[in-house]
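Structure record follows, encoded as structure tokens.
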Ligand code: SF4
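In my numbering, the protein residues as written are 63 to 555.
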């Protein structure tokens, strides 16, 4: 279940740097925890229920009459900046002091955003796996250039595991176009052994960065009735319980409760429920108390929720269809600048097929309609084969410098503009100014033309040994900045 991961602007995966996240809620006093859980419920209603919004707007002087009907035990008058026009301007400012509940909520939101930035750091592997580390850093820089609004929310976890085949939910907006459900990976003795072996290999190869892993992709966690057992193994091996996002928390309520209980005992992150409609919101609110959902973020995906969908997968197909019949408004907001919901820069593992892929987010396109690029693929039956597969993809795809014998050119989304001993590169989000004075011929011009290999370029620009080093250094810098095209059509598709 990948749907909601970036759609709320808070981003993908609240794992790792994990104590931070847990502390956000745990350090509240019991009274504030109670108040917080009810403010949270109020905000969920506000975002996902048109009827609630309408009732509030008709009762601006006596809003409690409305909230009481929904079992919300805080006074909306104490949080006017969160909902009432004319007061919103005070949010995140000292002027919101007269409304302590609004201040509490906004502090929480601020902490969640800071937490997201910490998560990205947790995938760092500069000591334990420098090649993978440099490759991931490069992908992060590229993504911050080309993913538009999606970029800040992507935390680039290094691992995702699918514990089923396909997904039983079938959301119309599924950015990964998940196939229909084919079955789940049972927690049998044999599978448990392979699973523990695989997670052990990842932990050994990537150290604490393996804690960024999570156990779903184009799959729904609750489609696997043994999901909690896989999670617990992951926790025992890596020291962290992977974060869960589910669109069907009520499908097997006992399983959902077991997962939440695991998090109460050992978890350090917030989990997420994707809410598909106002009716779904009602059902979730009746099944779980505000306190039970303190550490569960509800991602309102229904048509009454003002959340943009990334233009990938089924959401893109639907958009295209509706355009034909001129019915754009029939679906929730789709933004051209919201380019992907994929977040992994690393390995995507399907346990049922024993399939391992190296992937990284890209804007959804005809070439990569699901919003991520697949660089390579291997199959494995044992932890050793899993390790060999990962290592061979690291060796093949995670280069320190541009491949000497392949064409060198700028990323296709960049606009090149020459200058005098410098050049500019413009992307969707940024502009780079690059000094280009290492040889008599412009390096930028040759890369922009794109008809020579890296080694030919060095030969054409350089005049002596010193300039060879300077040109090679400039190419390395451009490569590390993520502006050199790595997705050459002659590679794996
Ligand atoms: S169809 Fe499945 S994988 Fe896709 S968004 Fe819905 S729950 Fe997630």
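C-beta: ideal position from N, C-alpha, C; glycine also.
Practice task
Could you check if residue 305 is buried or exposed, using at least 16 other CB atoms within 10 Å of its CB as the buried criterion?
Solution key: Indexing the chain shown from 1 puts residue 305 at position 243. When all chains shown are included, residue 305 counts as buried.
Practice task
On the DSSP bridge assignment, give the partners of residue 361 in chain order.
Solution key: For this step, residue 361 is matched to residue 299 along the chain shown. In DSSP, residue 361 forms a bridge with 336.
Exercise for the section: For residue 593, verify whether its CB is less than 7 Å away from any heavy atom of ligand 1. Expected result: No answer is possible for residue 593: it lies beyond the span of the chain, which begins at 63 and ends at 555.
Practice task
Flag residue 406 as yes when its Cβ comes closer than 7 Å to any non-hydrogen atom of ligand 1, and as no otherwise.
Solution key: The residue given as residue 406 occupies position 344 in the chain shown. Remark: the shortest separation between the CB of residue 406 and any heavy atom of ligand 1 does not fall under 7 Å.
Exercise for the section: Would you mind sorting residue 102 into buried or exposed? The rule is 16 or more other CB atoms within 10 Å of its CB. Expected result: As a working mapping, residue 102 is identified with position 40 in the chain shown. Residue environment: residue 102 is assigned as buried (16 or more neighbouring CB atoms within 10 Å of its CB, all protein chains considered).
Practice task
Could you tell me whether the Cβ atoms of residue 303 and residue 233 are closer together than 8 Å?
Solution key: Within the chain shown, residue 303 is the residue found at index 241, counting from 1. Within the chain shown, residue 233 is the residue found at index 171, counting from 1. Going by C-beta atoms, residue 303 is not nearer than 8 Å to residue 233.
Handout entry: Residue range of the beta strand (DSSP E) that includes residue 422
Key = Here residue 422 corresponds to residue number 360 of the chain shown, with the count starting at 1. First-last of the beta strand (DSSP E) with residue 422: 417-423.
Exercise for the section: Run the CB neighbour count on residue 489, radius 10 Å, all protein chains shown included, and call it buried at 16 or more, exposed below. Expected result: Position 427 of the chain shown, counted from the start, is the residue given in the question as residue 489. That one is buried.
Handout entry: C-beta atoms of residue 356 and residue 182 nearer than 8 Å
Key = Position 294 of the chain shown, counted from the first residue, corresponds to residue 356. Position 120 of the chain shown, counted from the first residue, corresponds to residue 182. For residue 356 and residue 182, no; Cβs fall outside 8 Å.
Exercise for the section: Determine the direct distance from the alpha carbon of residue 363 to that of residue 391, and round the result to whole angstroms. Expected result: By 1-based counting over the chain shown, the position of residue 391 is 329. By 1-based counting over the chain shown, the position of residue 363 is 301. Reliability fails at residue 391, whose pLDDT of 46 lies under 50, so the model's placement of it is uncertain and the value that follows must be treated cautiously. Roughly 15 Å separates the two Cα atoms.
Practice task
Alpha carbon to alpha carbon, how far is residue 92 from residue 394? Give it in angstroms, no decimals.
Solution key: Indexing the chain shown from 1 puts residue 394 at position 332. Indexing the chain shown from 1 puts residue 92 at position 30. Residue placement at residue 394 is poorly supported in this model, since its pLDDT is 46, which falls under 50; the coordinates still yield a value, given next. In a straight line, the C-alpha of residue 394 is about 38 Å away from that of residue 92.
Exercise for the section: Taking only the alpha-carbon atoms, compute the straight-line gap between residue 256 and residue 504 and give it to the nearest angstrom. Expected result: Position 194 of the chain shown holds residue 256. Position 442 of the chain shown holds residue 504. Their Cα atoms are separated by approximately 53 Å.
Problem - Between the CA atoms of residue 473 and residue 513 - distance to the nearest angstrom - result: Locating residue 513 in the chain shown gives position 451, where the first residue counts as 1. Locating residue 473 in the chain shown gives position 411, where the first residue counts as 1. Going by the C-alpha atoms only, they are around 14 Å apart.
Exercise for the section: Indicate whether the contact test is met: 3 or more Cβ pairs, each with one atom in the region 423-436 and one in the region 242-262, closer than 8 Å. Expected result: no
Handout entry: DSSP three-state assignment for residue 298, whether helix, strand or coil
Key = Walking along the chain shown from the start, residue 298 turns up at place 236. In this structure, DSSP gives residue 298 a helical state, which the three-state scheme calls helix.
Handout entry: DSSP state of residue 550 mapped onto helix, strand, coil
Key = Start at 1 with the first residue of the chain shown, and residue 550 comes out as number 488. Of the three classes helix, strand and coil, the one that applies to residue 550 here is coil, per DSSP.
Problem - Bridge partner(s) assigned by DSSP for residue 588 - result: In the structure as shown, the chain starts at 63 and stops at 555, and residue 588 therefore has no counterpart that could be examined.
Practice task
Would you kindly work out how many angstroms separate the C-alpha atoms of residue 531 and residue 170, rounded to a whole number?
Solution key: Your numbering for residue 531 matches position 469 in the chain shown. Your numbering for residue 170 matches position 108 in the chain shown. C-alpha separation (whole angstroms): 50 Å.
Problem - Proximity test, residue 216 beta-carbon vs ligand 1 heavy atom, cut-off 7 Å - result: Position 154 of the chain shown, counting from 1, holds the residue named residue 216. Checking every heavy atom of ligand 1 against the Cβ of residue 216, none is found closer than 7 Å.
Exercise for the section: Return yes when at least one heavy atom of ligand 1 lies under 7 Å from the C-beta of residue 236, else no. Expected result: Taking the first residue of the chain shown as 1, we reach residue 236 at position 174. Yes; taking the cut-off as 7 Å, the Cβ of residue 236 has a heavy atom of ligand 1 nearer than that.
Exercise for the section: Grab me the residues of residue 197's own chain with a C-beta within less than 6 Å of its C-beta, minus the 5 sequence neighbours each way, in chain order. Expected result: As a working mapping, residue 197 is identified with position 135 in the chain shown. Cβ neighbours of residue 197 beyond the five flanking positions: 460.
Handout entry: Nearest to residue 365 (by Cα), restricted to the options 375, 324, 140 and 343
Key = Taking the chain shown and counting its residues from 1, one reaches residue 365 at position 303. Ranking the options by Cα distance to residue 365, first place goes to 343.
Problem - Alpha carbon of residue 195 to alpha carbon of residue 184, nearest angstrom - result: The count along the chain shown starts at 1 and reaches residue 195 at position 133. The count along the chain shown starts at 1 and reaches residue 184 at position 122. Cα to Cα, the separation comes out at about 11 Å.
Problem - Pairwise C-alpha distance: residue 135 and residue 71 - result: In the chain shown, the residue the question calls residue 71 occupies position 9. In the chain shown, the residue the question calls residue 135 occupies position 73. Here the model assigns residue 71 a pLDDT of 30, short of 50, so the residue's position is not dependable, and the following value carries that caveat. Using only the alpha carbons, I get a separation of about 27 Å.
Problem - First through last residue of the alpha helix (DSSP H) which encompasses residue 202 - result: Walking along the chain shown from the start, residue 202 turns up at place 140. For residue 202, the uninterrupted alpha helix (DSSP H) segment begins and ends at 192-208.
Problem - Close-in-space but distant-in-sequence residues of the same chain around residue 108 (CB under 8 Å, 5 per side omitted) - result: In the chain shown, the residue the question calls residue 108 occupies position 46. Once the five neighbours on either side are set aside, the close Cβ partners of residue 108 are 114, 115, 118, 144 and 145.
Practice task
Assess, as a yes-or-no matter, whether the region 161-181 is touched by the region 122-140 under the definition of 3 or more beta carbon pairs within less than 8 Å.
Solution key: Enough Cβ pairs lie closer than 8 Å, so yes.
Exercise for the section: Out of 264, 511, 526 and 276, point me to the one whose CA is closest to residue 225's CA. Expected result: Within the chain shown, the letter at position 163 stands for residue 225. Nearest C-alpha to residue 225: 276.
Practice task
Find the nearest neighbour of residue 217 within the set 417, 258, 483 and 274, judged by alpha-carbon distance.
Solution key: Reading the chain shown from its first residue, position 155 is the one you call residue 217. Residue 217 has its Cα closest to that of 274, out of 417, 258, 483 and 274.
Handout entry: Any non-hydrogen atom of ligand 1 closer than 7 Å to residue 231 Cβ
Key = Stepping through the chain shown from its first residue, residue 231 is reached at position 169. Set against 7 Å, the gap from the CB of residue 231 to the closest heavy atom of ligand 1 is smaller.
Practice task
Tell me where the beta strand (DSSP E) around residue 222 begins and ends.
Solution key: As a working mapping, residue 222 is identified with position 160 in the chain shown. Unbroken beta strand (DSSP E) run through residue 222: 221-224.
Exercise for the section: Assign residue 520 to one of two classes, buried (16 or more other C-beta atoms within 10 Å of its C-beta) or exposed (fewer than that). Expected result: For the purposes of this step, residue 520 is identified with residue 458 of the chain shown, where counting begins at 1. Burial call: buried.
Practice task
Return the bridge partner residues of residue 484 from the DSSP annotation.
Solution key: Taking the chain shown and counting its residues from 1, the one referred to as residue 484 is at position 422. 497.
Practice task
Return the CA-CA distance between residue 204 and residue 541, expressed in angstroms with no decimal places.
Solution key: Indexing the chain shown from 1 puts residue 204 at position 142. Indexing the chain shown from 1 puts residue 541 at position 479. Taking the straight line joining both Cα atoms gives about 10 Å.
Exercise for the section: Return the CA-CA distance between residue 379 and residue 125, expressed in angstroms with no decimal places. Expected result: Here residue 379 corresponds to residue number 317 of the chain shown, with the count starting at 1. Here residue 125 corresponds to residue number 63 of the chain shown, with the count starting at 1. If I take the Cα positions, the gap works out to 41 Å.
Problem - Three-pair Cβ contact test at 8 Å for the region 305-315 versus the region 254-268 - result: Taking a cut-off of 8 Å on C-beta distances, the region 305-315 does not touch the region 254-268, as fewer than three cross pairs fall below it.
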